[in-house]
Amino acid sequence: MTQHVTVARSDLARLIDAAGASDTVLAASIQSMGVESAARAVLWEVLDRVDLRGCPPVEVLFRLFLGTADIEAVVRITDDGSEMLWAPASGRVAATVEQSLIELVRSVFGPRCAASSATRVLRWDDVSDPESFGRPQPAFESVRRLMDSTDRGYQAGLSELCVRYGSDKWGVHQYPRHYEKHFEAVRDRPLTILEIGVGGYADPRRGGESLRMWRRFFPRAAVFGIDIIDKSALSGQRMTVLQADQSSAADLAHVVEVTGPLDIIIDDGSHVSAHVIATFNALFPALRHGGIYVIEDLQTSYWPHFGGKAGIYTDTSTSAGFLKAMIDGLNYEEIDGRESGPTDACITGMHFYHNMAFLEKGENQDGGAPSWLRGR
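For reference, each letter of the sequence shown is one residue, going 1 to 376 in the UniProt record's numbering.
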């Protein structure tokens, strides 16, 4: 989809927050941002979410209203995708969608079950023609998909999105079922997500498949990605790509200055054990309590080429060995004489799957057993 919108990240974050509040708060946020800017942002989001492959070329007019203000925009669907215009290119539209801007913003950027079409009116161009009336029109499927992208924003599963956007998290790997187990409950929150590794190797304009997938899976999130190659050209609405070396504490500190506190961190970077450990030590403090830290592709912990060690399974210089040591940290209050670790009191759960691990951050201070029970 051709992008024709630039909205300040802070403005969009406020709009998304307001989409979970009252109509009065949301209307004030739209007015503060600018009615036209808000309309551009929400329509761009609709187009980014919808899969229009195979749909015939048509133009659809959106007429959005807020009080006495009306904003019109045209979605043009072509064989190559779609784009947003501010006037019909052909002079004729196949359908007109009229809807309250407040309702559309809430449907697109609001929490789960907030979508509504109570103010929507759908008008077709050809129904006055006796030859066309009662027969499926070419625009029907396109408009249906556009409406579904606003009304059913949380229906798409992660495996489906992996395939749609080209992420290798499904296919080569089978990660989505584990991600959904941990992420589904927080999917409709206005999260801040950081993924290490953008993909596309050294080409500055390639990659970003997983970032786009996360942006679609989390409709209210701000998604950040970092890569050692400058891939900032891939940035877009709700998706920011920064250049950083994951083994550099200074680079990662700068990243956190940009992102602020994080809710989810996913390390899909170099997979070199030393880099995985350095990244965790630098970024875990920036993870909010209740947040989740994910490390992918732990198989490299056993491969010498990635700094791993085959046949030695407790060496804490490998990523798997580093994580294994933290398991004892979960029970630090029960262990006498153990040297404390920096994350003992702030990791509340660890979940291991084939080649990946999820770490939950929170207060791990439940207290240990009394000394008489320990036999002291």
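Quick reminder that beta carbons are idealized off the backbone N, C-alpha and C, glycines included.
None of these values were measured; they are calculated from a predicted model.
Nearest candidate by alpha-carbon position, reference residue 14, set 169, 191 and 59: 191
query: Between which two residues does the alpha helix (DSSP H) harbouring residue 17 extend?
result: 9 to 18
message: So, with DSSP's three-state summary, where would you put residue 233?
response: helix
field: 8 Å Cβ cutoff met for residue 258 and residue 239
entry: no
query: By the 10 Å Cβ neighbour count, where 16 or more other Cβ atoms means buried, how is residue 219 classified, buried or exposed?
result: buried
DSSP three-state assignment for residue 48, whether helix, strand or coil: helix
query: From 91, 93, 115 and 92, pick the residue whose C-alpha is nearest to that of residue 102; which is it?
result: 115
query: Do the region 52 to 64 and the region 136 to 149 touch if we need at least three Cβ pairs shorter than 8 Å?
result: yes
message: Pull the bridge partners of residue 75 from the DSSP assignment, please.
response: 60 and 84
field: Integer Cβ distance of residue 357 from residue 277, believed to fall under 8 Å
entry: The pair is not a contact, with the Cβ atoms about 13 Å apart (cut-off 8 Å).
- prompt: Rounded to whole angstroms, how far is the Cβ of residue 269 from the Cβ of residue 299, which I believe are closer than 8 Å?
  reply: The pair is not a contact, with the Cβ atoms about 15 Å apart (cut-off 8 Å).
task: Quick one: which unbroken alpha helix (DSSP H) runs of 4-plus residues sit fully inside the region 259 to 307? Chain order, please.
output: 273 to 283
message: Using C-beta distances below 8 Å, list every residue in its chain close to residue 377, excluding the 5 sequence neighbours before and after it, in chain order.
response: The question about residue 377 has no answer, for the chain in this structure spans 1 to 376.
message: Can you tell me whether residue 179 is helix, strand or coil according to DSSP?
response: helix
task: Report yes or no: do three or more beta-carbon pairs, one from the region 207 to 215 and one from the region 159 to 168, lie closer than 8 Å?
output: yes
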